[in-house]
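In order, the protein sequences belong to chains A and B.
The opening residue of the first sequence carries number 1 in my numbering; numbering runs sequentially from there.
The opening residue of the second sequence carries number 1001 in my numbering; numbering runs sequentially from there.
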Amino acid sequence: MKPFFLILICFSLLLLTGCWSSIEINQRIFVSGIFVDLAPDNKVELTIASLLPNRMGSQSLQSAQSSEPPYAIISKKGPSLAIALKRIQKEVTRTISWGHTRIVVIGNRYARNGITPLLEWMIRQPSLHLKTFVLIAPGNAKEIPAVTPVYEQSPPEVLREYANQHFILSTSIREILMGYLAGQDTAITSLTFEKKNMISEKGKENIWIGNDGAAIFQRNRLVGNISPLQAEMFAWVKNSLVNPTMLVRYGKHRQKIDLEFQQTKASIRPFLHKDRVVFHIRLKGVGSFLATGTQENLLNRKVIRQIQKEVQNSLRKRLLSGLKQTQRLEADALQLGSYLEWWYPDRWQQVKPYWRKYYREKVSFVIEPDIFIRHFGTEVQSIFTKSK
Amino acid sequence: MPQFNQFQLIRLCILYGISSIIAFLLNPLFQVGYTGWLCLLLIYIPILLVFYFPVRLLQKWPHCFLQEGGQIVSQPVHIFFLICFYVHITIITAINLILFIDFFGNIYLRETPFPILAAIICLATAIAASSGLKGIVYMSDGIWFLVTLSSLIFLPLMFKNINLSMIAALFTNLKLYPVLQGMYFVSHWFTDLIIFLFLLHRFKEKEKFVRSLSIVIGGILFFALIYWLFCLLLFGPYLGRQLRIPALELVRHMLVGQFVENLDPLIVSIWSSTLLIKLTLLLYIGTAITTAIIKKGKSYRRTVTYCYAFLIFITAILWGHRPIDLYYLVPTSFAFFFVIIKAIPLVYSAVYYIRSKMSGPLSKENM
Chain A
1 MKPFFLILIC
11 FSLLLLTGCW
21 SSIEINQRIF
31 VSGIFVDLAP
41 DNKVELTIAS
51 LLPNRMGSQS
61 LQSAQSSEPP
71 YAIISKKGPS
81 LAIALKRIQK
91 EVTRTISWGH
101 TRIVVIGNRY
111 ARNGITPLLE
121 WMIRQPSLHL
131 KTFVLIAPGN
141 AKEIPAVTPV
151 YEQSPPEVLR
161 EYANQHFILS
171 TSIREILMGY
181 LAGQDTAITS
191 LTFEKKNMIS
201 EKGKENIWIG
211 NDGAAIFQRN
221 RLVGNISPLQ
231 AEMFAWVKNS
241 LVNPTMLVRY
251 GKHRQKIDLE
261 FQQTKASIRP
271 FLHKDRVVFH
281 IRLKGVGSFL
291 ATGTQENLLN
301 RKVIRQIQKE
311 VQNSLRKRLL
321 SGLKQTQRLE
331 ADALQLGSYL
341 EWWYPDRWQQ
351 VKPYWRKYYR
361 EKVSFVIEPD
371 IFIRHFGTEV
381 QSIFTKSK
Chain B
1001 MPQFNQFQLI
1011 RLCILYGISS
1021 IIAFLLNPLF
1031 QVGYTGWLCL
1041 LLIYIPILLV
1051 FYFPVRLLQK
1061 WPHCFLQEGG
1071 QIVSQPVHIF
1081 FLICFYVHIT
1091 IITAINLILF
1101 IDFFGNIYLR
1111 ETPFPILAAI
1121 ICLATAIAAS
1131 SGLKGIVYMS
1141 DGIWFLVTLS
1151 SLIFLPLMFK
1161 NINLSMIAAL
1171 FTNLKLYPVL
1181 QGMYFVSHWF
1191 TDLIIFLFLL
1201 HRFKEKEKFV
1211 RSLSIVIGGI
1221 LFFALIYWLF
1231 CLLLFGPYLG
1241 RQLRIPALEL
1251 VRHMLVGQFV
1261 ENLDPLIVSI
1271 WSSTLLIKLT
1281 LLLYIGTAIT
1291 TAIIKKGKSY
1301 RRTVTYCYAF
1311 LIFITAILWG
1321 HRPIDLYYLV
1331 PTSFAFFFVI
1341 IKAIPLVYSA
1351 VYYIRSKMSG
1361 PLSKENM
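Right under this line is the structure:
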């Protein structure tokens, strides 16, 4: 009996190697970015970008003049995303893998038409991560792969690092889904393309990506935009902003002061006032002087307090203007309804069916920036004080 | 003869308890929204009571519950109850196997046919189960270390992503009906633990059984609470109930210095071993019940183990082809059946108490 069991165990070890479902690493396409558009014929156009490992090694060895990019872009149209993807899969020699996808760029037209089918498809994919960042293209998303990846190896990597650094509003699939399923909305960073002559590319004209604020979504449809400064404030409120900078004007001559903020945090608390809801948004941060154009004595407590006040007023105005814009669009882009649900569930249940209308008409904001200037840099007084 | 100590019992029970809860059973707890934590806390005492009386009975009555339970409730009734336990164990083993294969098949082994995966897992667990309880207990000792270590290392990595503002909702969104609903659902998690009543005679220091039981139930609820809370603070209740395996997405959000991103295969492999221990233990108990029903000795155990594993394989194949039927049966008929199963040990305790009151402490002689 014993030899039989030993043979059985050895046989099972052969089966347990995982070879049945194995796909060799050189038989896979590791998709790093997905670009989704709505074609003029109303079909979905799916573009995938993936790195080409065979060219990555040679790129580093060859000179920068190499004309072969280390990434591939494949695009197909279809009546749905799944069909478009199947058409791509049929034409490539390797199996598509989503495990390394970290960026999704949505074309403007597709976004205006509604991104629910895209979200539904993404949440069902077992290997696609919900932490994947989403960005909005100014026109067609498929134009993004034409971007010159100066510091990275491929355009999706540029976008991934762009979102990862948290200098802009970074929105993931998870956050969009959370808002949508809770009956609220979202804001997603929108990109801008710019043609530039780049020295690194031998002076050739190339496309450069920039930030154009954020696109505001209502019921998963793009309905409007906010400016880059407003989008930055939204990122601050979402606790996902790192080291924002700001220019304030101070004194009789409205001289420039450049500041950077560290340890940025925000907290939100709703309060009920009769039939209205007031959201108290507290912004916290530690300020550092980057450069000052003022002739005032920056070691004077009164001066610093006045500068802090200017900073706080400026932050308040920026955030409030962004929030007013979302109210005009009836889109709860910061998902403030969730805070109402967390603190006052009964009121939330009452207003949930018509939350967006309520948000527009009955919601107001109290913004309380709590900013302290703590770091003065390595200079004691501004050199402008010498010319006083 | 008692072989294992109380710490081994605690480790084995907690691993057995949390393996399927964290993977498959957290999702329905999001149906009760933010009240899940209260359900988990409030269920502690009722579950402890359900197990307290049978455990007290086994402390007083030093015989093997499986072999000689008939001395308490009469042999025909005992056999009937054993058949109920047998059906129950077959159902939960097959369900766990199907869910395990569904998860693996969908994510990591898409091309491998369901019967092959079922056959390999059944064979592996049958080999482990046929080696006896000693192998299972020692295996769980090792995996316990890995599970606690991975939870301690990886869960703190989540703090960056979770929304702590949501904690307010845990105290403001309390309503009686969802709490009761959640408690009813959570109580089913512990039906599986009944199998340990058949094993207690193998553990030393029986005077510490009640203390160990309270630690086990508390430990399982604590692990479930931690994972549920992290999932809730990351996904919220609406997205949480939308995800089939929220804990998998939780693991995927772990990031080590923006460098190591795909940690899920590592954590999933650790968790998979806990589920294999659970399946092995279920197979072991199922075999023990079978030998008790057919009144065959230990010499048949190995053969019965493989036959029972084959039965589980066939059941899993039949249900695995119609998962929709299973999704319908689990919260309806099976849930009702599980409630009955939970009550059976209480019947033994009640009969023992009544009979001992009527005729003094029971022993083999006066039964």
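By construction, the Cβ of each residue, glycine as well, lies at the ideal position given by its N, Cα and C atoms.
None of the values given here were measured: they were computed from a predicted structure.
- DSSP, reduced to helix, strand and coil, places A/GLU175 within a helical segment of the structure shown.
- In the DSSP assignment, B/ALA1118 falls within the alpha helix (DSSP H) that extends over 1114-1130.
- For B/GLN1003, there is no enclosing beta strand (DSSP E), since its DSSP letter is neither H nor E.
- In this structure the segment 1148-1164 of chain B touches the segment 1211-1231 of chain B; the number of beta carbon pairs closer than 8 angstroms is three or more.
- Taking a C-beta cut-off of 7 angstroms against chain A, the contacting residues of the segment 1233-1246 of chain B are PHE1235, GLY1236, TYR1238, LEU1239 and GLN1242, listed in chain order.
- In the three-state reduction of the DSSP assignment, A/ASN42 falls in the coil class, being assigned neither a helical nor a strand state.
- Of the other Cβ atoms in all chains shown, fewer than 16 fall within 10 Å of the Cβ of A/LEU272; this residue is therefore exposed.
- Contact of A/PRO126 with chain B by beta-carbon distance below 8 angstroms involves ASN1106 and ILE1107.
- DSSP places A/ASP258 inside the beta strand (DSSP E), whose first and last residues are 255-273.
- The residue among B/ILE1092, B/VAL1251 and B/PHE1103 with its C-alpha nearest the C-alpha of B/PRO1156 is B/VAL1251.
- For B/MET1358, the enclosing alpha helix (DSSP H) begins and ends at 1335-1359.
- Spanning the alpha carbons of A/THR378 and A/TYR180 requires a straight line of approximately 47 angstroms.
- With respect to chain A, the C-beta atom of B/ALA1118 has no partner C-beta closer than 8 angstroms.
- Where B/ILE1047 is concerned, the enclosing alpha helix (DSSP H) starts and stops at 1044-1060.
- When Cβ pairs closer than 8 angstroms are counted between the two stretches, the segment 361-369 of chain A is seen to touch the segment 275-284 of chain A, the count reaching three or more.
- Neighbours of B/MET1166 in chain A, taken as residues whose beta carbon is under 7 angstroms from its own, are TRP342 in chain order.
- Here A/THR264 is actually not in contact with A/LEU299; their C-beta atoms are around 25 angstroms apart, not less than 8 angstroms.
- Within 10 angstroms of the beta-carbon of B/MET1358 lie fewer than 16 other beta-carbons, which makes it exposed.
- Where B/GLU1249 is concerned, the enclosing alpha helix (DSSP H) starts and stops at 1246-1252.
- Judged by DSSP in its simplified three-state form, B/ALA1169 adopts helix.
- Residues ILE1079, LEU1082, ILE1083 and TYR1086 of the same chain have their beta carbon placed closer than 8 angstroms to that of B/ILE1293, with the five preceding and five following residues left out of the count.
- Judged by DSSP in its simplified three-state form, A/VAL134 adopts strand.
- The C-alpha of B/THR1303 is placed about 13 angstroms away from the C-alpha of B/GLY1132.
- Three or more Cβ pairs closer than 8 angstroms define a contact, and the segment 1052-1066 of chain B meets that threshold against the segment 1208-1216 of chain B.
- Runs of the alpha helix (DSSP H) lying entirely within the segment 272-355 of chain A and spanning at least 4 residues, in chain order: 301-328, 336-343 and 345-351.
- CA-to-CA, the gap between B/ASP1325 and B/TRP1319 works out to about 7 angstroms.
- Here A/VAL223 is near A/LEU329, since their CB atoms are less than 8 angstroms apart.
- Look at the segment 170-184 of chain A: the residues with a C-beta under 8 angstroms from a C-beta of chain B are ARG174, LEU177, MET178, LEU181 and ALA182.
- Collapsing the DSSP output to three states places A/GLU152 in coil.
- Looking at the DSSP output, A/ASN225 sits in a beta bridge with A/ALA215.
- For A/THR245, the uninterrupted beta strand (DSSP E) segment begins and ends at 245-250.
- In this chain, B/ALA1023 is not harboured by any beta strand (DSSP E), its DSSP state being neither H nor E.
- Interface criterion not met: the Cβ of B/ARG1301 is under 8 angstroms from no Cβ in chain A.
- Here the alpha carbons of B/ILE1341 and A/ALA235 stand approximately 53 angstroms from one another.
- By the criterion of a C-beta distance shorter than 7 angstroms, A/ARG94 is surrounded in its chain by GLN27, ARG28 and ILE29, once the five residues flanking it on both sides are discounted.
- Along the segment 1141-1175 of chain B, going in chain order, the ones with a CB nearer than 7 angstroms to a CB of chain A are SER1165, MET1166, ALA1168, ALA1169, THR1172 and ASN1173.
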